[in-house]
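**Q**
2 protein chains.
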Amino acid sequence: MGSDDAYLLTATQALARIRAGELTIEGYARSLLRRIDVRDADVGAWAHLDRDYVLQQARALDKVPMQDRGPLHGMPVAVKDVIYTKDMPTAHNSPIYKGDFPKLDAASIILLRHAGVLFLGKTTTAEFAASYTGPASTRNPHNPSRTPGGSSSGSGAAVGDLQAPVALGTQTGGSTIRPGSFNGVYSIKPTWNAVSREGLKISSLMLDTIGIFARGVDDLDLVADAFALRDDEPSDFDGIKGARFALCKTVVWPIAGEGTRNAIARAVEILRAHGAEVEEVDLPTEFDNLPRWHNVVLQTEGETFFLPEHRTAKDQLSPQLAGYVERKAGYDRREQLKAFDGIAALRPKIDEIAGKYTAILTPSVVDEAPVGLEFTGDSAFCVGWSALHTPVINIPGFQGHSGMPIGVSLVAPRYRDRHLLKVAKEVGKLFEAEGGWKRNLY
Amino acid sequence: MGSDDAYLLTATQALARIRAGELTIEGYARSLLRRIDVRDADVGAWAHLDRDYVLQQARALDKVPMQDRGPLHGMPVAVKDVIYTKDMPTAHNSPIYKGDFPKLDAASIILLRHAGVLFLGKTTTAEFAASYTGPASTRNPHNPSRTPGGSSSGSGAAVGDLQAPVALGTQTGGSTIRPGSFNGVYSIKPTWNAVSREGLKISSLMLDTIGIFARGVDDLDLVADAFALRDDEPSDFDGIKGARFALCKTVVWPIAGEGTRNAIARAVEILRAHGAEVEEVDLPTEFDNLPRWHNVVLQTEGETFFLPEHRTAKDQLSPQLAGYVERKAGYDRREQLKAFDGIAALRPKIDEIAGKYTAILTPSVVDEAPVGLEFTGDSAFCVGWSALHTPVINIPGFQGHSGMPIGVSLVAPRYRDRHLLKVAKEVGKLFEAEGGWKRNLY
């Protein structure tokens with residue numbers, strides 16, 4: 001493979017070639033830019049992309065002596081356009097912030113930049129990573145009539161389409177796991193607050209989390225290192241054989257479509273065929289409150305966090321977000337606190353339940369990516385885990401009725417992110433090999 | 001009073017004169033700048049102050065027709081230098097960010113700017129609003145050999161010294177209540193998350209809160225309106241007579257000094273003399289964990305939030321904050337989650353206890369401001385309320401052994417901020433009249 005095809009590499013593979021002197025960072029960047037040139041009109045994953053600036057960065061990185069390079073030197077990363085970058089504008093897919101250019105790097109950006117990352121550009125997002133309607137300009141790379149999911153639409157699509165090996169997104173409801181599933185890639189929502197959210201515009205303080213997209217767990221591990229994700233103890237996981245998984249269908253299982261029902265059934269079969277136990281676990285009934293409580297927290301925090309935009313430019317705010325500030329749902333403080341405290345009380349309980357298993361297996365999505373670009377899909381299977389602050393990873397490998405990718409999620413207790421990644425790596429190998437979905441891009 | 005003495009006015013008084021055409025905003029600004037000129041060498045409250053820019057803003061505000069003015073048109077506000085302002089640099093009292101100038105307004109700044117506020121400048125802060133040592137350049141206006149408190153040192157000192165009628169600060173431990181007490185002013189830490197923290201650099205996500213300083217409750221109310229602080233129901237408080245206060249000395253009462261012991265005793269006497277009941281309430285023993293749990297949350301969140309600075313400029317980070325990242329205290333994830341969840345479980349309990357009373361009366365500080373400028377004083381009486389997310393207000397009116405101001409705190413359940421302000425207004429009148437402290441500035 002020459003550098004022309006370098007866009008096909010995972011970040012881990014590319015960094016090895018860069019270190020070996022077999023690939024220049026400029027050559028790698030040019031390969032990705034060519035892929036973007038070929039595909040951008042169909043996919044539309046980018047909110048901001050300055051080709052000259054990418055090449056300028058790449059050449060500067062190529063000039064750094066090997067011994068002075070950080071661990072991610074030359075790794076290209078796409079950044080969701082709700083995360084501040086001092087060298088690129090940040091517009092939140094809101095007309096209020098069109099062209100806005102705060103000279104500020106988010107904490108996640110500082111850490112990656114320090115490690116040597118090459119930032120490719122900013123990816124499309126639903127308005128403020130909060131609106132249910134997507135950036136209609138972004139299409140699913142596996143079928144342009146379908147949504148790539150949201151709100152991290154461009155990050156999911158860019159990684160799924162081989163335009164970037166790694167991307168940052170965010171999750172408040174299902175904004176990292178859902179586009180991971182719809183675009184056929186790995187995506188992790190780490191434990192809440194394990195990665196600094198400094199410089200990520202707030203939608204909900206109790207829910208927003210930085211997310212990571214990649215085409216392999218090794219690449220997620222690279223970013224997890226840069227973010228210093230850390231468990232108390234090393235994982236004792238030593239392979240699928242003898243591992244114990246809890247299948248947790250959750251209270252919203254009745255809305256699961258055929259694609260997800262088949263994916264979960266196949267996932268269970270594969271795990272069992274390789275010697276794992278899979279036990280179906282019903283969460284205690286108090287967990288049934290999670291979908292409603294998540295929505296209460298989302299809307300009541302939205303009242304606080306979208307107030308500035310509502311005061312200064314209400315007519316440029318979508319009715320959904322304006323409705324949070326105007327309290328259209330009618331939630332009062334009592335209900336807000338009941339949800340806030342109710343969720344808090346469930347967190348140690350889910351840790352205890354999840355801690356009894358290697359991981360929880362649970363759906364990522366209702367079904368494959370729906371047709372249409374406005375509605376980014378239902379986050380019903382994700383919101384509970386977002387509220388519970390547990391790490392969640394989407395693992396691709398299955399497919400729906402129309403041949404679109406479907407992933408399933410693994411969940412671990414809070415601050416067991418590294419354990420979860422270790423498990424996901426082995427589980428992912430099996431699901432990718434035996435789940436039945438093959439990446440088939442244009 | 002001519003505009004020469006306008007610096008003596010509260011914001012409420014000044015805005016009334018501006019509205020009546022008796023005071024120009026430029027005249028008001030000039031009066032404050034003269035006060036600053038006279039006092040700045042002794043007090044040192046400002047991290048950034050551009051006199052020409054202040055006057056330029058003032059003249060622009062004067063030109064706005066009366067009918068186009070916002071509710072706070074012409075109100076001067078000082079801003080703690082950890083809150084981003086698009087027209088002034090933000091340096092966090094850290095050499096790492098010296099001269100840094102992100103072109104970004106924090107949510108609190110957007111709301112105040114939209115209401116017509118005149119931003120005077122940025123006030124001094126402890127490093128990242130997180131270090132226990134203060135900006136040694138800032139002195140207590142009531143005695144320059146003593147600390148103004150921290151971490152909102154400049155905001156407390158500026159308002160206490162009549163250099164600004166209103167200031168924004170923050171509180172993570174006791175950084176708003178303590179300088180309020182030490183400088184003889186009112187200061188409120190609203191319910192956590194009731195005011196958007198967007199654009200306030202994170203020290204601890206679960207603890208940081210925007211705070212407000214002023215010399216009267218009417219002025220705090222003006223800012224509370226701009227921030228849309230909102231209770232479910234209007235307060236039913238209708239005067240001190242017949243009101244019921246819980247005296248809550250807390251688990252750290254044994255370290256209270258003579259000044260605070262006398263202030264609390266006198267506060268109880270005054271309230272009772274005016275017909276209120278005051279009942280001493282011991283919180284359940286599980287609340288005794290709060291000081292330790294607060295510290296665990298502070299340090300473990302600090303690991304996440306100071307990681308970028310530690311990675312990029314460790315030698316420019318104070319040993320205290322570097323120690324959070326290096327986990328010098330040895331707290332593991334298990335302990336972190338125990339503290340996080342333990343505090344969460346206490347929040348509905350304190351709401352229930354506090355909800356039985358008009359307000360909780362509790363110390364603000366250990367004693368009057370200590371001598372010296374390095375150590376900003378003990379936050380032991382504040383950290384529990386910060387962790388519990390309740391609104392707290394410091395009410396001045398008492399004095400210590402050396403004649404320095406001492407305040408006491410009132411506390412209400414979460415999202416009873418407007419009720420608390422209403423109660424504080426009446427209580428403050430009594431404490432200021434009968435508490436024994438008189439403002440006596442140089």
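In order, the protein sequences belong to chains P and X. Residue numbers for the first sequence follow the UniProt record's numbering, so the first one is 1 and each next one is one higher. Residue numbers for the second sequence follow the UniProt record's numbering, so the first one is 1 and each next one is one higher. For every residue, glycine included, the Cβ atom is placed at its ideal position computed from N, Cα and C. All figures in this text were calculated on a predicted structure; none of them were measured in a lab.
Please identify the residue among X:P370, X:K349, X:T191 whose C-alpha is closest to the C-alpha of X:G259.
**A** Position 259 of the second sequence, counted from the start, is the residue given in the question as residue 259 of chain X. For X:G259, the nearest C-alpha among the options comes from X:P370.
**Q** Quick one: give me the first and last residue of the alpha helix (DSSP H) that P:G27 is part of.
**A** As a position in the first sequence, residue 27 of chain P is number 27, starting the count at 1. 25 to 43 is the span of the alpha helix (DSSP H), which, as asked, contains P:G27.
**Q** Tell me, please, whether the CB atom of X:M206 is closer than 9 Å to any CB atom in chain P?
**A** Numbered from 1 along the second sequence, position 206 holds the residue referred to as residue 206 of chain X. Yes, X:M206 counts as interfacial toward chain P.
**Q** Please return the same chain residues whose Cβ sits closer than 8 Å to the Cβ of P:T423, not counting the five positions on each side in sequence.
**A** Position 423 of the first sequence holds residue 423 of chain P. Per the sequence shown, residue 423 of chain P should be read as Val rather than Thr. Closer than 8 Å at the Cβ level, and outside the excluded window around P:V423, lie S235, F237, A243, T358, A359, L410, A412.
**Q** With three or more C-beta pairs closer than 8 Å as the rule, is the segment 309 to 324 of chain P touching the segment 270 to 280 of chain P?
**A** Short answer: they don't touch.
**Q** Are there three or more Cβ pairs, one per stretch, closer than 8 Å when the segment 339 to 353 of chain P is compared with the segment 378 to 391 of chain P?
**A** Yes, since at least three Cβ pairs between the segment 339 to 353 of chain P and the segment 378 to 391 of chain P fall closer than 8 Å, the two stretches touch.
**Q** With 16 other CB atoms within 10 Å as the buried threshold, where does P:F375 fall?
**A** The residue you call residue 375 of chain P lines up with position 375 of the first sequence. Per the 10 Å Cβ criterion, exposed.
**Q** What is the DSSP secondary structure of P:P148, counted as helix, strand or coil?
**A** Taking the first residue of the first sequence as 1, we reach residue 148 of chain P at position 148. Coil at P:P148, not helix or strand.
**Q** Helix, strand or coil: which one does DSSP assign to X:Y324?
**A** Here the question's residue 324 of chain X lines up with position 324 in the second sequence. It is helical.
**Q** With a threshold of 8 Å, are at least 3 pairs of Cβ atoms found where one atom belongs to the segment 121 to 137 of chain X and the other to the segment 98 to 113 of chain X?
**A** In short, these stretches do not touch, since the Cβ pair count stays below three.
**Q** Could you tell me the alpha carbon to alpha carbon distance between P:P144 and P:D378, rounded to whole angstroms?
**A** Counted from its first residue, the first sequence places residue 144 of chain P at position 144. Counted from its first residue, the first sequence places residue 378 of chain P at position 378. Each residue's Cα considered, the two are about 19 Å apart.
**Q** What number of angstroms, rounded off, separates the C-alpha of X:G156 from the C-alpha of P:Q299?
**A** The residue you call residue 156 of chain X lines up with position 156 of the second sequence. The residue you call residue 299 of chain P lines up with position 299 of the first sequence. So the two alpha carbons sit approximately 34 Å from each other.
**Q** With a 10 Å radius around its C-beta and 16 neighbouring C-beta atoms as the bar for buried, classify P:D161 as buried or exposed.
**A** Here the question's residue 161 of chain P lines up with position 161 in the first sequence. So P:D161 counts as buried.
**Q** Is the CB-CB distance between P:G169 and P:G211 below 9 Å?
**A** Looking up residue 169 of chain P in the first sequence gives position 169. Looking up residue 211 of chain P in the first sequence gives position 211. Contact flag set, yes.
**Q** Would you mind giving the Cβ-Cβ distance between P:E198 and X:F128, rounded to the nearest angstrom? I have them listed as a contact below 8 Å.
**A** Taking the first residue of the first sequence as position 1, residue 198 of chain P is located at position 198. Taking the first residue of the second sequence as position 1, residue 128 of chain X is located at position 128. No, P:E198 and X:F128 are not in contact; Cβ-Cβ is about 11 Å, not under 8 Å.
**Q** Three Cβ pairs or more, each shorter than 8 Å: is that satisfied between the segment 397 to 408 of chain P and the segment 129 to 148 of chain P?
**A** Yes, they touch.
**Q** In whole angstroms, what separates the C-alpha of X:R139 from that of X:N183?
**A** Working through the second sequence from its first residue, we reach residue 139 of chain X at position 139. Working through the second sequence from its first residue, we reach residue 183 of chain X at position 183. One C-alpha to the other measures close to 10 Å.
**Q** Give me whichever residues DSSP pairs with X:H48 in a beta bridge.
**A** The sequence position of residue 48 of chain X within the second sequence is 48, counting from 1. X:H48 pairs with X:K122.
**Q** Just the chain X side, please: which residues come within less than 7 Å of residue 447 of chain P by C-beta, in chain order?
**A** Within the shown structure, residues of chain P are numbered from 1 to 442, placing residue 447 of chain P beyond reach of any answer.
**Q** Taking X:V408 as part of the beta strand (DSSP E), name the residues at either end of that continuous run.
**A** Here residue 408 of chain X refers to the residue found at position 408 when the second sequence is read from its first residue. Run containing X:V408: 405 to 411, per the beta strand (DSSP E) assignment.
**Q** Look up P:Q399 in the DSSP assignment and give the residues it is bridged to.
**A** Here residue 399 of chain P corresponds to residue number 399 of the first sequence, with the count starting at 1. Beta-bridge pairing links P:Q399 to P:P405.
**Q** Along chain P, which residues have their Cβ under 8 Å away from the Cβ of X:K414?
**A** Within the second sequence, numbered from 1, the residue matching residue 414 of chain X stands at position 414. According to the sequence as given, residue 414 of chain X is Arg; it is not Lys. Correct list: R333, L337.
**Q** Thinking C-beta only, is X:L346 closer than 9 Å to X:E432?
**A** Residue mapping note: residue 432 of chain X aligns to position 432 of the second sequence, counting from 1. Residue mapping note: residue 346 of chain X aligns to position 346 of the second sequence, counting from 1. No, Cβ-Cβ distance for X:E432 and X:L346 is not below 9 Å.
**Q** Using a 10 Å radius around the Cβ and a threshold of 16 neighbouring Cβ atoms, would you call X:R30 buried or exposed?
**A** Translated into the one-based positions of the second sequence, residue 30 of chain X becomes position 30. By the 10 Å Cβ count, X:R30 comes out buried.
**Q** Run through chain X and tell me which residues come within less than 9 Å of P:H114, C-beta to C-beta.
**A** Counting from one through the first sequence, the residue named residue 114 of chain P turns up at place 114. Result: P308, R311, T312.
**Q** Would you mind stating whether P:I177 and P:A246 have Cβ atoms separated by less than 9 Å?
**A** By 1-based counting over the first sequence, the position of residue 177 of chain P is 177. By 1-based counting over the first sequence, the position of residue 246 of chain P is 246. Cβ distance not < 9 Å, so P:I177 and P:A246 don't count as in contact.
**Q** Return the bridge partner residues of P:S187 from the DSSP annotation.
**A** Sequence index remark: in the first sequence, residue 187 of chain P carries index 187 (1-based). DSSP, once it has assigned bridges, lists P:F213, P:N394 as partnering P:S187.
**Q** Would you report the Cα separation of P:L441 and P:P148, rounded to the nearest angstrom?
**A** Looking up residue 441 of chain P in the first sequence gives position 441. Looking up residue 148 of chain P in the first sequence gives position 148. Those two C-alpha atoms are separated by around 14 Å.
**Q** Could you pull the start and end residues of the beta strand (DSSP E) that X:T362 belongs to?
**A** Indexing the second sequence from 1 puts residue 362 of chain X at position 362. Segment 359 to 363, the beta strand (DSSP E) holding X:T362.
**Q** DSSP state of P:F245, grouped into three classes?
**A** As a first step, residue 245 of chain P is located in the first sequence; it is residue number 245 there, counting from the start. Note: P:F245 maps to strand in three-state DSSP.
**Q** Cβ of P:D68 less than 9 Å from any chain X Cβ?
**A** Residue mapping note: residue 68 of chain P aligns to position 68 of the first sequence, counting from 1. Chain X, which has no Cβ nearer than 9 Å to the Cβ of P:D68, makes this no.
**Q** From P:E303, P:L220, P:P76, P:Q316, pick the residue whose C-alpha is nearest to that of P:E326; which is it?
**A** Position 326 of the first sequence, counting from 1, holds the residue named residue 326 of chain P. Taking only the C-alpha atoms, the option nearest P:E326 is P:E303.
**Q** Is the CB-CB distance between X:L229 and X:R414 below 9 Å?
**A** Your numbering for residue 229 of chain X matches position 229 in the second sequence. Your numbering for residue 414 of chain X matches position 414 in the second sequence. No, the pair does not count as a contact, with Cβ atoms beyond the cut-off.
**Q** Out of curiosity, what's the CA-to-CA distance linking P:G173 and P:R292?
**A** Reading the first sequence from its first residue, position 173 is the one you call residue 173 of chain P. Reading the first sequence from its first residue, position 292 is the one you call residue 292 of chain P. If I take the Cα positions, the gap works out to 12 Å.
**Q** List the residues of chain X whose Cβ lies closer than 8 Å to the Cβ of P:P65, in chain order.
**A** As a first step, residue 65 of chain P must be located in the first sequence, where it is residue number 65. Chain X residues near P:P65: none, gap ~19 Å exceeds 8 Å.
**Q** Thinking C-beta only, is P:L8 closer than 9 Å to P:V54?
**A** One-based indexing of the first sequence puts residue 54 of chain P at position 54. One-based indexing of the first sequence puts residue 8 of chain P at position 8. Contact: no.
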